[in-house]
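J.:
Numbering (my numbering), first residue to last: 1 to 470.
See below:
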């Protein structure tokens, strides 16, 4: 809405706004015929009457929230309004004559395109506004939000100042959004607390610092994922896109002795489950190149989990991360914790482009990740990130899964050392009562203590280090 108002001021046009959220009656758009008691024109004609001009800037707000019931489909009525070939002779049922809407500049707003009918969407040009970066939110808060809230709370003359670290903490720990609505709400909350102290003639801080935030607005409701404390086997760092911006996610893989089953947990959607199956198929097809024995897959159960199990997850962009975590677990090679990655994977190991690169890269930067692995075909998306923000990161563009593994996997961990008993060789009776043959070092004969150790020995016989990450 504010963007439309600014465009109207820049063009010198009258600004009109009609909210379409929850509209279910077609007559709200086209109007009622005059034969009905209490009949009125539709919202378009009513707004034009208020404007007093034929060429205003007209904002159709929340067009994605139009409904439909037995009274008709308002989205179908908007087809004539937005079609430049038809709106020259738009007919409102109340007027019952042609009205020219072709001079109007229409702007429709929506949070999602999924609920907009295809025929209506085809008549509009889609302009996407990505979420604000952290640096952009800081500038918006300094220039607009803080002065406005100080004025509204009567604190403009009291010299109240919010330090940069305060705003950064609010953005990171008290809000989780693409815009700045909750940021302004938290700033207003601080202003109310200070205004109360002023009204009660109590002492109040003129400079708000991060250490006093908990006292003023309570404990932070959000916690940000930072770098893992160490490089781990079977754990890879992925980056996801959300409506509120990007976020990091850790994909964990456990191997257990079993019959080759695959278990997926963490509220994964259908597309992400298929990505996990594709990643496993790629891993099995590359077993010889990765030095993994074929029988290992038949003797090992695989459990893939993506934490925060209450949060639904879906999409194909985790394919590269899933394959990396699987290969790490099977080869006992740790994954570098300072690398985030995204990309769809095919059965042949090709890395396909994905969306949301800007948000994902900034999420990796927030988490302290210095290297970002991404599809080569997404290279043009980096232009959306300001140059000063790209300078502190390394972007690795890949086309094949082999390039990903070369960048993110560390050398294999050494197998666990076996303890040697003092005293050298000695005889030992077996379970049947017979003594072990002379010259046998029984301290080096280790019996599997668990099914996991048995699986480890099977992997070791296939030429891999004898350790299963659990």
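Beta carbons: idealized from backbone N, C-alpha and C, even for Gly.
Residues in the same chain with beta-carbon distance under 6 angstroms from residue 471, minus the five sequence neighbours each way, listed in chain order, please.
T.: In the structure displayed, the chain extends from 1 to 470; residue 471 sits before or after that span and is not available.
J.: Hey, residue 175 and residue 163 are a contact pair by Cβ (cut 8 angstroms); roughly how many whole angstroms apart?
T.: Here residue 175 refers to the residue found at position 175 of the chain shown. Here residue 163 refers to the residue found at position 163 of the chain shown. In fact, because the Cβ distance is near 17 angstroms, the residues do not count as touching under 8 angstroms.
J.: Grouping DSSP H, G and I as helix and E and B as strand, with all else coil, what is residue 163?
T.: Taking the chain shown and counting its residues from 1, the one referred to as residue 163 is at position 163. In this structure, residue 163 counts as coil in the three-state DSSP scheme.
J.: Taking buried to mean at least 16 other C-beta atoms within 10 Å of its own C-beta, is residue 362 buried or exposed?
T.: As a working note, residue 362 is residue 362 in the chain shown. By the neighbour-count rule (16 or more Cβ atoms within 10 Å), residue 362 is buried.
J.: Within its chain, find whatever has a CB closer than 7 angstroms to the CB of residue 167; leave out the 5 residues flanking it on each side and keep chain order.
T.: Along the chain shown, read from residue 1 onward, the residue named residue 167 stands at position 167. Here the set comprises 138, 141.
J.: Suppose you measure from the CA of residue 410 to the CA of residue 385; what does that come to, to the nearest Å?
T.: Position 410 of the chain shown holds residue 410. Position 385 of the chain shown holds residue 385. Looking at the two C-alpha atoms, the distance is approximately 29 angstroms.
J.: Under three-state DSSP, which class holds residue 184?
T.: Indexing the chain shown from 1 puts residue 184 at position 184. Helix, per DSSP.
J.: Say whether the stretch 233-242 touches the stretch 192-200, bearing in mind that this needs 3 or more beta-carbon pairs closer than 8 angstroms, one atom from each stretch.
T.: Judged by Cβ distances under 8 angstroms, the stretch 233-242 makes no contact with the stretch 192-200, as fewer than three pairs qualify.
J.: Can you name the start and end residues of the beta strand (DSSP E) that residue 48 belongs to?
T.: Against the chain shown, residue 48 aligns to sequence position 48. No beta strand (DSSP E) holds residue 48; the alpha helix (DSSP H) holding it covers 43-51.
J.: Is the distance from the Cβ of residue 401 to the Cβ of residue 370 below 8 angstroms?
T.: The residue given as residue 401 occupies position 401 in the chain shown. The residue given as residue 370 occupies position 370 in the chain shown. It is not a contact, given that the beta carbons lie outside the stated cut-off.
J.: Are the stretch 92-104 and the stretch 50-57 in contact at 8 angstroms, needing three or more beta carbon pairs?
T.: Because the criterion of three Cβ pairs below 8 angstroms is met, the stretch 92-104 and the stretch 50-57 touch.
J.: Going by other Cβ atoms of all chains shown within 10 Å of its Cβ, with 16 needed for buried, is residue 181 buried or exposed?
T.: Here residue 181 refers to the residue found at position 181 of the chain shown. Result: exposed.
J.: For residue 344 versus residue 354, is the C-beta distance shorter than 8 angstroms?
T.: As a working mapping, residue 344 is identified with position 344 in the chain shown. As a working mapping, residue 354 is identified with position 354 in the chain shown. Yes, they are a contact pair.
J.: What are the boundary residues of the alpha helix (DSSP H) that residue 472 is part of?
T.: What is shown of the chain runs 1 to 470, which leaves residue 472 out entirely.
J.: Using a threshold of 8 angstroms, state whether the C-beta atoms of residue 96 and residue 89 are closer than that.
T.: Looking up residue 96 in the chain shown gives position 96. Looking up residue 89 in the chain shown gives position 89. Cβ distance not < 8 angstroms, so residue 96 and residue 89 don't count as in contact.
J.: Taking the alpha carbon of residue 378 as the point to measure from, which residue in 390, 398, 387 has its own alpha carbon closest?
T.: As a working mapping, residue 378 is identified with position 378 in the chain shown. With distances taken between Cα atoms, residue 378 lies closest to 398.
J.: Give the single residue among 372, 204, 322 whose Cα lies nearest to the Cα of residue 391.
T.: Looking up residue 391 in the chain shown gives position 391. The shortest Cα separation from residue 391 among 372, 204, 322 belongs to 372.
J.: Please classify residue 353: does DSSP put it in a helix, a strand, or coil?
T.: Position 353 of the chain shown, counting from 1, holds the residue named residue 353. Residue state, collapsed to three classes: coil.
J.: Within 8 angstroms, do at least three Cβ pairs link the stretch 280-293 to the stretch 245-256?
T.: Judged by Cβ distances under 8 angstroms, the stretch 245-256 makes no contact with the stretch 280-293, as fewer than three pairs qualify.
J.: To the nearest whole angstrom, what separates the beta carbons of residue 33 and residue 94, a pair I think is in contact under 8 angstroms?
T.: Looking up residue 33 in the chain shown gives position 33. Looking up residue 94 in the chain shown gives position 94. With a Cβ gap of about 7 angstroms, residue 33 and residue 94 count as contacting.
J.: What is the DSSP secondary structure of residue 144, counted as helix, strand or coil?
T.: Position 144 of the chain shown holds residue 144. Helix, per DSSP.
J.: Closer than 7 angstroms by C-beta to residue 309: which residues in its own chain qualify, once you throw out the five before and the five after it? Chain order, please.
T.: Position 309 of the chain shown, counted from the first residue, corresponds to residue 309. Within the same chain, residue 309 has close Cβ partners 265, 266, 267.
J.: To the nearest angstrom, report how far apart residue 403 and residue 302 are at their CA atoms.
T.: Counting from one through the chain shown, the residue named residue 403 turns up at place 403. Counting from one through the chain shown, the residue named residue 302 turns up at place 302. Each residue's Cα considered, the two are about 24 angstroms apart.
J.: Based on the DSSP output, what are the partners of residue 371 in its beta bridges?
T.: Working through the chain shown from its first residue, we reach residue 371 at position 371. Answer is 339, 394, bridged to residue 371.
J.: Distance check for residue 74 and residue 190, CA to CA, integer angstroms please.
T.: Looking up residue 190 in the chain shown gives position 190. Looking up residue 74 in the chain shown gives position 74. Distance between the alpha carbons of residue 190 and residue 74 is about 43 angstroms.
J.: Kindly indicate which three-state DSSP category residue 174 falls into: helix, strand or coil?
T.: Within the chain shown, residue 174 is the residue found at index 174, counting from 1. Of the three classes helix, strand and coil, the one that applies to residue 174 here is helix, per DSSP.
J.: Could you tell me how far apart the beta carbons of residue 496 and residue 79 are, in whole angstroms, since I believe they sit closer than 8 angstroms?
T.: Residue 496 is absent from the model: the chain starts at 1 and stops at 470.
J.: Does DSSP put residue 233 in a helix, a strand or coil?
T.: Walking along the chain shown from the start, residue 233 turns up at place 233. Reduced to three states, the DSSP call for residue 233 is coil.
J.: Check residue 24 in the structure and name its three-state DSSP category.
T.: For the purposes of this step, residue 24 is taken as the residue at position 24 of the chain shown. Coil.
J.: Do residue 330 and residue 292 have their beta-carbon atoms positioned less than 8 angstroms apart in this structure?
T.: For the purposes of this step, residue 292 is identified with residue 292 of the chain shown, where counting begins at 1. For the purposes of this step, residue 330 is identified with residue 330 of the chain shown, where counting begins at 1. In contact: residue 292 and residue 330 (Cβ atoms closer than 8 angstroms).
J.: If contacts are defined as beta-carbon pairs under 8 angstroms, then residue 408 and residue 346 qualify, I think. What distance do you get, rounded to the angstrom?
T.: In the chain shown, the residue the question calls residue 408 occupies position 408. In the chain shown, the residue the question calls residue 346 occupies position 346. No, residue 408 and residue 346 are not in contact; Cβ-Cβ is about 18 angstroms, not under 8 angstroms.
J.: For the beta strand (DSSP E) containing residue 17, name the first residue and the last one.
T.: Reading the chain shown from its first residue, position 17 is the one you call residue 17. 15-19 is the extent of the beta strand (DSSP E) around residue 17.
J.: Within the continuous beta strand (DSSP E) that includes residue 72, where are the two ends?
T.: Within the chain shown, numbered from 1, the residue matching residue 72 stands at position 72. No beta strand (DSSP E) contains residue 72, which DSSP labels as neither H nor E.
J.: Is residue 47 closer than 8 angstroms to residue 81 when the C-beta atoms are compared?
T.: What you label residue 81 is simply residue 81 of the chain shown in a count that begins at 1. What you label residue 47 is simply residue 47 of the chain shown in a count that begins at 1. Contact: no.
J.: If you follow the alpha helix (DSSP H) that residue 402 is part of, which residue opens it and which one closes it?
T.: For the purposes of this step, residue 402 is identified with residue 402 of the chain shown, where counting begins at 1. Taken as a continuous stretch (DSSP letters only), the alpha helix (DSSP H) holding residue 402 covers 401-408.
J.: Compute the Euclidean distance between the alpha carbons of residue 14 and residue 61, then round it to the nearest angstrom.
T.: In the chain shown, the residue the question calls residue 14 occupies position 14. In the chain shown, the residue the question calls residue 61 occupies position 61. In a straight line, the C-alpha of residue 14 is about 16 angstroms away from that of residue 61.
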